[in-house]
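So in the working numbering, spot 305 of the sequence shown is number 368, and the numbers just go up one at a time.
Where a beta carbon is used, it is the ideal one built from N, C-alpha and C, also for glycine.
All values reported here derive from a predicted model rather than from experimental measurement.
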Amino acid sequence: MSEQFTPIATLGEFGLIDRMVERLADLPRSEDLIEGIGDDAAVYRAGGDMLHVLTTDALIEGVHFDRSFIPMQFLGFKSISVNVSDVAAMNATPLYATVSIGMPRNLSVEMIDGLYDGMAEACKMYNMELVGGDSSTSHALYISISIVGQVHERDVVFRRGASVGDYLCVTGDVGGAYAGLKVLLDQRQAQIDLGDDYEPELDAHQYVIRRQLRPTARIDMVEAFRGAGIKPTSMIDVSDGIASEVNHIARRSGVGATVRIPALPFDPETRAVADQYLDEIDAYALFGGEDYELLFTINPEDVDKVDALQGCSVIGNIEESSKGVRAMSPETGLMPLHPTGYQHFEPGEEPPEFNISVDED
Ligand code: ADP
Ligand code: MG
């Protein structure tokens, strides 16, 4: 072993994954494997015309959630949803889940009951089964879930399928999960500042708080696409923010893209939160993340079918790769859009801090 010690942060999350891929490069690759590392889920042949998709995601206390904010039942629901969201991103439906839990000693049986009630509720909603897992003690609450899903080979959608001329679309509304986080952080500060005089002000923000604490994966849209005869040309789920996800689609597809900022769909409650804090609402959608909506591209021929579906917005266009990924608004014109910020951020100025996350994303 070498004596070198290179801090992980020097590579960043995606540099690190590229490096892992290099270490695995010599492994023989099965003929049945269609997609390995690099998409929302791995895809392999399951026999006949069917494919399986396989994905895993962990939620870790102090990194992805704060136990003082989130009721256990919501945490259970969310931990299933974030995984199902990656299955939906492949245009697939979930079948089976396994769950590994690391439990700190200060967790009660009643809390685990709540966690599993939430997971059961989610499994019911997504029509899937929880079939196994692993339990151990741990320093922080840790929930790692793997899900197998299925999709007919003619329906599977990857991040890499976007072509120049396609429209860029998103389901539902965006930025709400970050707005919810902002309210929760603010309320916690008020509680600290006001002590016994603190009175929770959460009623006006129920929608955005739910978006943060109890997100739903858009399996309903996967079914709606099927019903309407729409097959997106590429797709990804919105876990890190529109800016990051558009860059993933562009990189994997070898294209550029322009996001039209005024076309981003917001719920009125998200707008109210941004107004209250004098924030630019666009940043909530672009860099906030955790909305678990689907960002996808379509052939222009399908735009009428997408318009006819309730709950999808066209937010931009796919262009030549030489144009890069850009955002366009009347105020700023066209600007390069990087995964974590606009290029006009001054050197040294951090893009907005949007996760409770303490890791280097
Ligand atoms: P998502 O946000 O959709 O869960 P990620 O950005 O976490 O996707 O991961 C990008 C890709 O890298 C995925 O294909 C994922 O399976 C893969 N990946 C992430 N971490 C690891 C790891 N530790 N080892 C192998 N592959 C990984
Ligand atoms: Mg994903």
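With a threshold of 16 other beta carbon atoms within 10 Å, residue 169 falls short and is exposed. Contact between residue 177 and residue 199 fails: their C-beta atoms lie close to 19 Å from each other, not under 8 Å. For residue 120, the distance from the CB to the nearest heavy atom of the ligand ADP is below 6 Å. At least one heavy atom of the ligand ADP sits closer than 6 Å to the Cβ of residue 302. Relative to the ligand MG, residue 103 has its C-beta within less than 6 Å of a heavy atom. For the pair residue 212 and residue 155, the CB atoms are nearer than the 7 Å cut-off. The Cβ-Cβ distance between residue 307 and residue 402 falls below 7 Å. At a threshold of 6 Å, residue 354 does not count as near the ligand MG, since its beta carbon sits no closer than that to any of the ligand's heavy atoms. Separation of the CB atoms of residue 359 and residue 295 is rounded to 4 Å, and the pair is thereby assigned contact status at 8 Å. The beta carbon of residue 113 sits closer than 8 Å to those of 213, 214, 215 and 216, all from its chain and outside the five residues before and after it, given in chain order. Taken in chain order, the whole beta strand (DSSP E) runs of length 3 or more contained in the stretch 262–305 are 297–300. Two segments are said to touch when three or more pairs of C-beta atoms, one from each, lie closer than 8 Å; by this definition the stretch 300–318 does not touch the stretch 180–187. Look at residue 128 here: in three-state DSSP terms it is strand. Per DSSP, residue 157 is one residue of the beta strand (DSSP E) stretching across 156–166. DSSP places residue 316 within a helical segment (H, G or I) once states are collapsed to three. The straight-line gap separating the alpha-carbon atoms of residue 120 and residue 143 is approximately 9 Å. Per DSSP, the beta-bridge partners of residue 375 are 234.
The stretch 257–270 makes contact with the stretch 332–339; the number of CB pairs closer than 8 Å reaches 3 or more. In the DSSP assignment, residue 116 falls within the unbroken beta strand (DSSP E) covering 113–123.
In the displayed model, residue 213 falls within a strand according to three-state DSSP. In this structure, the straight-line span from the alpha carbon of residue 167 to that of residue 362 is close to 49 Å. Taken atom to atom, the span from the alpha-carbon of residue 232 to that of residue 326 is near 10 Å. Around residue 140, the same chain offers 181, 182, 184, 185 and 277 as residues with beta carbons nearer than 8 Å, after the five sequence neighbours per side are excluded. About 7 Å separates the Cβ atoms of residue 145 and residue 302, confirming a contact at the 8 Å cut-off.
In the same chain as residue 392, and ignoring 5 residues on each side of it, the C-beta atoms closer than 7 Å to its own belong to 324 and 325, in chain order. Take the alpha-carbon of residue 163 and the one of residue 248: they are about 28 Å apart. Between residue 378 and residue 349 a beta carbon distance of about 11 Å is seen, past the 8 Å cut, so the two are scored as non-contacting. Pairing residue 188 with residue 157 gives a Cβ-Cβ distance that is not under 7 Å. A heavy atom of the ligand ADP is found nearer than 6 Å to the CB of residue 83. Between the beta-carbon of residue 280 and that of residue 151 there is about 5 Å, and that keeps the pair under the 8 Å contact cut. With contacts defined by Cβ atoms closer than 7 Å, residue 271 and residue 239 form a contacting pair. Around the beta carbon of residue 73, fewer than 16 other beta carbons lie within 10 angstroms, which makes this residue exposed.
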